[in-house]
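*Asks:* Shown below is the structure under consideration.
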Amino acid sequence: MEYDRSEAVGDRLELLRTYGYGLCMGTADALPGVSGGTVALLLGFYGRLIAAVTAFTPSRAIAVLRGYHPDRRARAREALLELDLDFLLPLGVGMVTAVVLIADLVSSLAESHPIAIFGFFTGLIAASAITLGRSLEFASPTHVAAGIAGTTLALLVAADVVQLPGSGPAVILVAGAVAISAMILPGISGSLILILLGQYVFLSSELSAFVRAALDLLGGGSLSAVVDPGTTVALFVAGGLVGLVTIARVVRAALTRNRGVTLLFLVGLIAGSVPAPLHNIGETTAWTTETIALTAAWAAVGAIALFALERLVGGFDPE
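Each residue of the sequence shown is one higher than the one before, counting from 1 in UniProt numbering.
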């Protein structure tokens, strides 16, 4: 009995620990700068995360769903163990908790203090490009070309030369697929991808609206208020699931085949994304001398915060 009780306590502690990992990872991914993949590396569960994510295949998902049939329960249990849901579920809940809290804060600050929030993001992105880039080597013309290609692509997107049209269902699906794939990669943040695609503020506000409407519904609110933002959230999640079993695998294969070139391309994307948050400021505020000075000051705060975090954890390494 004592053994069973201590084992149950150990299971609860492991659950809370994994939930805490999810909070840390979700916080990192909700802010452009440090990626959730980097946090997973620093906290020592990146290998387990990748193994669990890459174990998610349609065949295993179908096996779990067919577990209601007595003859298929053994295979369903086996598939559940292979998917490592004891780890993924509390991790995912922790990530969702952090993202919801930060999305609400970001959507509020984007309306009330756009210079502060997007200036801060600019500094975070610039500092993350420096901290990650200085650990990489340009050992060949191919390495140089990869870095330039990533930077150029991001700059073209940030300058609206290359862009996704509007924020329709197809765009939300694509944004979800790419952003969630980025979340599991060390060095690149899912929220940075959303900023680059021009979807960050929109999706943050939609998530906040969905959570508020869902809470109001429990108190007798309107179901119609839940539907519109809920549809956006569902589309993003669906895109994320598609991305995890497609794009994430492609990037992991590229890292395995030619790690140096792939990392330089990814860090190039980060470097080219530095101007992206500034467009959000320009949409609401005229670029005066005061605006530029305030933006630069908040960018400095963001950069200092990331450099301080880097020093605290002993350095960020995309490897």
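From the three backbone atoms N, C-alpha and C, an ideal C-beta is built for every residue, glycine too.
Note that this is a predicted model, so its numbers are computed, not measured.
Under three-state DSSP, which class holds Gly-94?
*Replies:* Looking at Gly-94 - three-state DSSP - the assignment turns out to be helix.
*Asks:* Just tell me which of Ser-205, Gly-198, Tyr-21, Val-178 has its CA closest to the CA of Val-93.
*Replies:* For the residues Ser-205, Gly-198, Tyr-21, Val-178, the minimum Cα distance to Val-93 belongs to Tyr-21.
*Asks:* Compute the distance between the beta-carbons of Leu-207 and Tyr-200, then report whether it is under 8 Å.
*Replies:* No; because the gap between Cβ atoms is not below 8 Å, this pair is not in contact.
*Asks:* Expressed to the nearest angstrom, what Euclidean distance is found between the alpha-carbon atoms of Ser-107 and Ser-205?
*Replies:* For Ser-107 and Ser-205, the distance between alpha carbons rounds to 5 Å.
*Asks:* Please tell me whether, using a cut-off of 7 Å, the distance from the CB of Arg-75 to the nearest non-hydrogen atom of the ligand MN is below it.
*Replies:* The ligand MN is not part of the structure shown, which contains no ligands of any sort.
*Asks:* To which residues of the same chain is Tyr-3 closer than 8 Å at the C-beta, ignoring the five residues directly before and after it?
*Replies:* Note that Tyr-3 scores a pLDDT of 48, beneath 50, so its modelled location is shaky and nothing firm can be said.
*Asks:* Among the residues of its own chain, which have a CB less than 8 Å from the CB of Thr-285, if the five just before and after it don't count?
*Replies:* Result list for Thr-285: Pro-114, Ile-115, Thr-291, in chain order.
*Asks:* Classify Asp-216 as buried or exposed, calling it buried when 16 or more other Cβ atoms lie within 10 Å of its own Cβ.
*Replies:* Counting Cβ neighbours within 10 Å, Asp-216 comes out exposed, since fewer than 16 surround it.
*Asks:* Would you mind stating whether Ile-270 and Ser-128 have Cβ atoms separated by less than 8 Å?
*Replies:* Going by C-beta atoms, Ile-270 is nearer than 8 Å to Ser-128.
*Asks:* Tell me which residues share the same chain as Arg-249 and place their Cβ nearer than 8 Å to its Cβ, disregarding the 5 neighbours each side in the sequence.
*Replies:* Contacts found: Thr-54.
*Asks:* Taking the alpha helix (DSSP H) that Thr-142 falls in, what are its first and last residues?
*Replies:* Its alpha helix (DSSP H) spans residues 141-158.
*Asks:* Report all residues from its chain with a CB closer than 7 Å to the CB of Val-100; omit the five preceding and five following residues, and keep chain order.
*Replies:* Cβ neighbours of Val-100 beyond the five flanking positions: Leu-207, Val-211.
*Asks:* Label Gly-44 either buried or exposed according to how many other C-beta atoms from any shown protein chain fall within 10 Å of its C-beta, with 16 as the threshold for buried.
*Replies:* Per the 10 Å Cβ criterion, exposed.
*Asks:* Would you tell me roughly how many angstroms separate the C-alpha atoms of Ile-172 and Leu-223, rounded to the nearest one?
*Replies:* Approximately 22 Å, taken between the alpha carbons.
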